[in-house]
Amino acid sequence: MGILVPLFALSIPIVAIIGSYYYKVQKMKLERQALGGGDLRLLEELKQENASLRKRVENLEMVTSDPDISQLEGASTQELQHQIDYLANEIKQLKVSN
């Protein structure tokens, strides 16, 4: 009888730890099921858009910091000139409106 009390006292934390783990696993399963196919598709689209925007920002940083346009990756000179002209027009419109 004397050994049962310490054994019982040690089993309570062990059961609590196992129960907490089981609860977390079940919660993660429910969250994963909640993401449907549409949500995953939207997530992939947003990842691609984010990568595209990141590349555009890098190109704009390159244009503003380095006058040598030929160092830009993945863009032709004509595309870059078009972007520069577009941005210049946007800046002019902002100056006029202010």
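Just so we're aligned, residue 15 is where the sequence shown starts under our numbering, counting upward by one. Positions of the beta carbon are idealized from the N, C-alpha and C atoms, including for glycine.
{"query": "Residue range of the alpha helix (DSSP H) that includes residue 98", "result": "91-111"}
{"query": "Touching by the beta-carbon criterion (3+ pairs, under 8 Å), the stretch 67-79 and the stretch 87-105", "result": "yes"}
{"query": "For residue 32, the first and last residue of its enclosing alpha helix (DSSP H)", "result": "18-48"}
{"query": "Straight-line gap, residue 108 to residue 101 (C-alpha atoms, nearest Å)", "result": "11 Å"}
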